[in-house]
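Everything on this sheet refers to the single structure shown next.
Here is the structure:
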């Protein structure tokens, strides 16, 4: 069997740094009337006590910093400590643990310090086998190999925060015989702490890859899969004023296709949110967002405006639960005169629950309404997602994720259901190398003849990081 992609493993020498701990013991001068034996015993006792205190101090580590979605600024938050929690002496731990001991980060990447930044480079090699490589109604078996380089940079500033991730990947196919595909990706965010309750977040991303051959919009256009480029940029301003929380946000996104400029379009979005802090952790809100979709071809029938309004509840800074849920109305209005628009009610949510240090559960609901090249007046997409991760050991995590989407093409009677599920296991040999295995199933059922497909796939990834 001829392998189209040859991966060259890169080996680096990683030298972890260890901190040196020192201890000093001082004792008061003993009186001249103390006998030699009592003086020796007192000195020994003092030394042992100081040594025990020093050993206990070495077990105290900084709490991990959590980064997630943008939240309303609420000022400094004191650490949460249950009132009924008993205070016990710190004891040296025997072996690896998860909550604050010296071994808790034994499998985490250390990164490389460069000025005021920490760099996290990695390289991964993946092999994958599937029984339907193109996700079509009558598929063929396929095997592929992917090499991916990634570099993440995190600022080490006292006030603001900058994060940039860049990734380059190449996929070669052993079967069927075809040209390799490449992917380029860069993403960044800059958080500016303007004042005590004011924060500005700037984001940007760019990606280039070959679009999926089974894309509904691609099939409807009658073309073949092309190189697709996407670009987006946005800004979010969060402002607190007493118990009130305000947010203004704007974004621009663009998609372009290498050989068919008639499919190129841009989306402009502007929105805002007003909420009030019912408690330090619970914030009811009202949200309004407007967007416009503009194609490069000005007479394109897919140009139009969207309006979205909702009321909801946001939960912040809770020990085990965070996220938000909302209900509202969304409408789509085409720009071409004589065309009819569509409106619908929706319920959206995004919640993360961590009942303990071992489990993390995330669930979500998402609704979208936009134009389509299929001839429908609009397409409504309802998506439900769920993921779970469980830490079997410090170096072994099990994961499961599933996504179920329902696509309703208004005006033409088409209804599609898409399911995607994956099981995975991640084993860390040490902080520098990982092995990741996954199996998955994907399926599309459709009232449109010839659009159904199913796929089973399995993959194995070896990753090296610093």
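Numbering (this note's numbering), first residue to last: 52 to 517. Idealized CB from N, CA, C, for every residue including glycine.
Alpha-carbon to alpha-carbon, residue j and residue i
i	j	result
residue 475	residue 387	47 Å
residue 164	residue 502	51 Å
residue 449	residue 443	7 Å
residue 188	residue 269	15 Å
residue 298	residue 382	22 Å
residue 310	residue 458	28 Å
residue 260	residue 289	34 Å
residue 420	residue 435	15 Å
residue 280	residue 293	43 Å
residue 485	residue 170	18 Å
residue 379	residue 517	45 Å
residue 433	residue 167	43 Å
residue 473	residue 508	9 Å
residue 191	residue 179	14 Å
residue 407	residue 162	27 Å
residue 258	residue 272	22 Å
residue 216	residue 393	38 Å
residue 176	residue 202	15 Å
residue 554	residue 471	Residue 554 cannot be examined here, being either before or after the span of the chain that is shown, 52 to 517.
residue 514	residue 196	14 Å
residue 205	residue 391	48 Å
residue 402	residue 373	6 Å
residue 418	residue 274	28 Å
Three-state secondary structure assigned by DSSP to residue i
i	result
residue 95	No answer about residue 95 holds up, because its pLDDT of 43 lies below 50 and its placement is not dependable.
residue 191	coil
residue 271	helix
residue 231	coil
residue 483	coil
residue 278	strand
residue 516	strand
residue 461	strand
residue 409	coil
residue 361	strand
residue 378	strand
residue 157	coil
residue 162	coil
residue 355	strand
residue 247	coil
residue 414	strand
residue 428	coil
residue 167	coil
residue 294	coil
residue 502	coil
residue 448	strand
Neighbourhood of residue i by C-beta, 6 Å cutoff - its chain only, sequence neighbours within 5 removed
i	result
residue 317	305 and 345
residue 488	476 and 511
residue 233	221
residue 426	463
residue 338	324 and 361
residue 358	341 and 382
residue 347	312 and 315
residue 8	The shown model of the chain, from 52 to 517, leaves out residue 8, and the question about it has no answer.
residue 497	467 and 503
residue 255	239 and 284
residue 460	425, 427 and 430
residue 469	456 and 495
residue 465	498 and 499
Own chain residues within Cβ distance below 7 Å of residue i, not counting five before or after
i	result
residue 365	326, 334, 336 and 375
residue 193	181, 184, 224, 226 and 227
residue 355	344, 383, 384, 385, 386 and 422
residue 395	381, 420 and 431
residue 160	171, 482, 516 and 517
residue 398	378 and 416
residue 229	none
residue 329	335
Per DSSP, cross-strand counterpart(s) of residue i
i	result
residue 287	252 and 300
residue 242	212 and 252
residue 260	279
residue 391	Per DSSP, none; premise fails for residue 391.
residue 370	Paired residue(s): none; residue 370 is not in a bridge.
residue 507	492
residue 224	195
residue 467	458 and 497
residue 443	Answer is none; residue 443 lacks a bridge partner.
residue 419	432
residue 399	377
residue 178	196 and 511
residue 184	Answer is none; residue 184 lacks a bridge partner.
Close-in-space but distant-in-sequence residues of the same chain around residue i (CB under 8 Å, 5 per side omitted)
i	result
residue 186	263, 264, 265, 493, 495, 504 and 506
residue 243	211, 250, 251, 252 and 253
is_contact[residue i, chain D] using C-beta, thresh 8 Å
i	result
residue 270	Among the protein chains of the structure shown there is no chain D, as only one such chain exists.
Where in the segment 301 to 350 do unbroken runs of the beta strand (DSSP E), each at least 3 residues long, occur, reported from the N-terminal end onward? DSSP runs (the beta strand (DSSP E)) wholly in the segment 301 to 350: 316 to 327 and 333 to 346.
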